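Asker:
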Amino acid sequence: MNELTIAIIFYIFAAVTVVSAAVVVFSKNVIYSAFSLLFTFFGVAALYVFLSADFIAVTQIVVYVGGILVLLLFGVMFTNTIMSTDLKADVLHFIPGVVLTVLLIVGMLYAFYTTGDWMPGHIQLSGSVVERIGIETMSRYMLPFEMASILLLVALIGAAYLARYDKANKKEH
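Sequential numbering from 265 applies to the sequence shown in our numbering.
(1) May I have the straight-line CA-CA distance separating residue 284 from residue 303, to the nearest angstrom?
(2) In three-state DSSP terms, what is residue 392?
(3) Can you list, in chain order, the residues of its chain whose CB lies under 7 Å from that of residue 312, leaving out five sequence neighbours each side?
(4) To the nearest angstrom, report how far apart residue 360 and residue 367 are at their CA atoms.
(5) Please name the residue, chosen from 274, 276, 310 and 318, that lies closest to residue 394 on a Cα-to-Cα basis.
(6) Which of the three DSSP states is assigned to residue 411 in this structure?
(7) State the CB to CB distance for the pair residue 298 and residue 337, rounded to an integer number of angstroms; the pair is presumed to be in contact (CB under 8 Å).
(8) Assign residue 307 to buried or exposed, taking buried as 16 or more other Cβ atoms, counted over all protein chains shown, within 10 Å of its Cβ.
(9) Take residue 358 and list the residues in its own chain whose beta-carbon comes closer than 8 Å to its own, dropping the five residues that flank it on each side.
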């Protein structure tokens, strides 16, 4: 593919990401916000692919789309009262929001124009990033990786115990 095609695809994904993120923020319907969040997550993953960060792109899809968003959608859809409540989505602080947005855009444009050559080079990385992360995780960082997994396991067991303990106390009373 030539550079013009790549640039067009990049801008399409960037526009999808920004528009769907705006729908997440400004939508008054929780279901529409959750499904727009899906497109935002996929757009961010596509932008990671353009940065040659394939591992982070796959992690973005697996963790956020596969885990968090599905959990959010199940929580929203299984809660009957969420559909009958009126959500307050009014703009409360319009002037500070506009000032902050303008300052953010000016700062981003300043960084964009003063950075210089920001486009990635034509030189591709040798080897896979995923392979390198796997080698580092299973060699140098094996102990911290296992300690984190044990900590998460203990937290999961503790949460299950606390949830069961509350149910047992409610049955006695």
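Positions of the beta carbon are idealized from the N, C-alpha and C atoms, including for glycine.
Quantities reported herein were computed from a predicted structural model and do not represent experimental measurements.
Answerer: Looking at the atomic coordinates:
(1) Cα to Cα, the separation comes out at about 6 Å.
(2) If DSSP states are grouped into helix, strand and coil, residue 392 belongs with coil.
(3) The beta carbon of residue 312 is closer than 7 Å to those of 320, 321 and 324 in its chain, skipping five residues each way along the sequence.
(4) If I take the Cα positions, the gap works out to 10 Å.
(5) With distances taken between Cα atoms, residue 394 lies closest to 318.
(6) Helix, per DSSP.
(7) Yes, they are in contact, since the Cβ atoms of residue 298 and residue 337 sit about 5 Å apart, within 8 Å.
(8) Taking a 10 Å sphere around the C-beta of residue 307, we find 16 or more other C-beta atoms and assign the residue as buried.
(9) Its chain contains no residue whose beta carbon lies nearer than 8 Å to that of residue 358 once the 5 sequence neighbours on both sides are disregarded.
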